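Participant:
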Amino acid sequence: MANTILKLTTFLLLLIFATLHDSQFASASGVDDKNDHERNEEEEEDYVLDRPISHLGPRSRFLATVIKKGRQCNVETNNICNGVRANKGRDLLYCCKKHCRNVLSDKNNCKVCGNKCKQGERCCDGVCTNVLSNASHCGKCKKKCSSGDSCGSGVCGYA
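Residue numbering for the sequence shown follows my numbering, beginning at 252 and increasing consecutively.
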């Protein structure tokens, strides 16, 4: 009985260690290859509008200046996010498939709704960009390589 408990405990500890190690490796190695802007956008729950929207209805001033990420919209009736600037100009919101999307960084709605970037590309300022070989967007948007360094496999100076 004690031998079985020892084996079970050892197995569980190894399983926990392997799970923790894999998650740390994935985040450290860039397996999650989203750029910082995309990661921050996903972590943010709100788009802070650059200018308040008057047609959001009878709400407080604070609520009229914030749109929840992924908020539902309808182009015909509830068009709250078509062409709306947010987060100090970093984001440009449009109503895509009935949800507010940032067309400057959403790889499924890059520059316009429905424009999907290809594998290995990210939406950098509304342009599908190959971040595996672009020295101005190496590995992620707006990560520039030093002068003379090339970008290979998303790494500056990769030989």
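Backbone N, C-alpha and C define an ideal beta-carbon position, used for all residues, glycine too.
Note that this is a predicted model, so its numbers are computed, not measured.
Based on Cα-Cα distance, which residue from Glu327, Gly334, Asn360, Ala253 lies nearest to proline 303?
Facilitator: Gly334
Participant: Along the chain, where does the beta strand (DSSP E) containing arginine 352 start, and where does it finish?
Facilitator: 350-353
Participant: Which value, in whole angstroms, describes the spacing of the CA atoms of asparagine 325 and lysine 339?
Facilitator: 25 Å
Participant: Does the ligand COA have even one heavy atom less than 7 Å from the beta-carbon of serine 356?
Facilitator: Ligands in the displayed structure: none, and consequently the ligand COA is not present.
Participant: If cysteine 402 sits next to cysteine 389, beta carbons under 8 Å apart, how far is it from one beta carbon to the other, in whole angstroms?
Facilitator: 4 Å
Participant: Taking DSSP as the reference, what is the three-state secondary structure of alanine 337?
Facilitator: strand
Participant: Short of 7 Å in beta carbon distance, which residues of its chain neighbour serine 384, apart from the five on each side in sequence? Order them along the chain.
Facilitator: Cys402, Gly403
Participant: From tyrosine 298 to cysteine 407, what distance separates their C-alpha atoms?
Facilitator: Going from the Cα of tyrosine 298 to the Cα of cysteine 407 covers about 32 Å.
Participant: Rounded to whole angstroms, what's the CA-CA distance from asparagine 360 to serine 398? Just pull it up for me.
Facilitator: Each residue's CA atom was taken as its position, placing asparagine 360 and serine 398 some 32 Å apart.
Participant: According to DSSP, simplified to helix, strand and coil, what is leucine 259?
Facilitator: helix
Participant: Tell me the rounded alpha-carbon separation between aspartate 400 and arginine 322.
Facilitator: Their Cα atoms are separated by approximately 41 Å.
Participant: Return the first residue and the last residue of the beta strand (DSSP E) that tyrosine 430 is part of.
Facilitator: Examination of residue 430 is not possible in this model, given that the chain is present from 252 through 410 alone.
Participant: Would you kindly work out how many angstroms separate the C-alpha atoms of leucine 355 and tyrosine 409, rounded to a whole number?
Facilitator: 28 Å
Participant: By the 10 Å Cβ neighbour count, where 16 or more other Cβ atoms means buried, how is alanine 337 classified, buried or exposed?
Facilitator: buried
Participant: Helix, strand or coil for threonine 316, going by three-state DSSP, please let me know.
Facilitator: helix
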